[in-house]
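Enquirer:
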Amino acid sequence: MKSHIPGFPRIGAGRELKKALESFWKGEISERKLHETASEIKAENWRIQKESGLTHVAVNDFSLYDHVLDTALMFGFIPERFKRITDPLDLYFAMARGSATKDIRP
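When we follow our numbering, the leftmost residue of the sequence shown carries the number 157, and every step to the right adds one.
1) Check the Cβ-Cβ distances between G183 and every residue of chain C, and say whether any is below 9 Å.
2) Say whether the region 173 to 184 touches the region 202 to 217, bearing in mind that this needs 3 or more beta-carbon pairs closer than 8 Å, one atom from each stretch.
3) Quick one: complete alpha helix (DSSP H) runs, 4+ long, within the region 177 to 237?
4) Go to R253, then tell me how far its alpha helix (DSSP H) extends in each direction, as first and last residue.
5) Measuring straight from C-alpha to C-alpha, what distance separates K206 and V213?
6) Pop quiz: I197 and R166 are said to be a contact at Cβ under 8 Å. What is the actual Cβ separation, rounded to whole angstroms?
7) Here's a check: name, in chain order, each residue in its chain whose Cβ is nearer than 6 Å to the Cβ of S179, leaving out the five neighbours to either side.
8) Please report the distance separating the alpha-carbon of K189 from that of E236.
9) Expressed to the nearest angstrom, what Euclidean distance is found between the alpha-carbon atoms of M157 and E192?
10) Are the CB atoms of F231 and A194 within a distance shorter than 9 Å?
Structure, rendered in structure tokens:
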């Protein structure tokens with residue numbers, strides 16, 4: 157019998173993603189470190205699924221913040237007020253949370 161789950165919690169066993177995001181927003185870690193943390197969480201999630209005996213491991217279920225926002229950006233749905241933001245990660249988080257430094261509300 158084949159087994160699969162449609163997704164896996166993305167925050168990390170010790171809430172690593174939440175901590176990394178908060179540190180990134182405070183300027184305490186770099187974008188590179190944020191992505192490294194995300195990669196580590198994904199690898200751990202895959203390992204857990206594989207070792208649990210699933211025949212199919214859930215992939216492409218991870219998001220740094222919001223999977224609906226990920227889909228909107230994938231299709232280029234960017235409200236006009238955000239189009240002046242050129243950095244992809246700044247754009248992502250501004251759309252999710254707003255940007256006090258750029259005076260933009262979500």
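Positions of the beta carbon are idealized from the N, C-alpha and C atoms, including for glycine.
Expert: Here's the rundown:
1) Given the protein chain composition of this structure (a single chain), no chain C is represented.
2) no
3) 187 to 207 and 223 to 230
4) Here residue 253 refers to the residue found at position 97 when the sequence shown is read from its first residue. Per DSSP, R253 belongs to the alpha helix (DSSP H) from P244 to R253.
5) Locating residue 206 in the sequence shown gives position 50, where the first residue counts as 1. Locating residue 213 in the sequence shown gives position 57, where the first residue counts as 1. Computed Cα separation, rounded: 6 Å.
6) Counting from one through the sequence shown, the residue named residue 197 turns up at place 41. Counting from one through the sequence shown, the residue named residue 166 turns up at place 10. Yes, they are in contact, since the Cβ atoms of I197 and R166 sit about 7 Å apart, within 8 Å.
7) The residue you call residue 179 lines up with position 23 of the sequence shown. Around S179: I185.
8) Position 33 of the sequence shown, counted from the start, is the residue given in the question as residue 189. Position 80 of the sequence shown, counted from the start, is the residue given in the question as residue 236. Distance between the alpha carbons of K189 and E236 is about 30 Å.
9) The residue labelled residue 157 in the question sits at position 1 within the sequence shown. The residue labelled residue 192 in the question sits at position 36 within the sequence shown. Their backbone Cα atoms lie some 35 Å apart in a straight line.
10) Against the sequence shown, residue 194 aligns to sequence position 38. Against the sequence shown, residue 231 aligns to sequence position 75. Result no, Cβ atoms of A194 and F231 do not sit closer than 9 Å.
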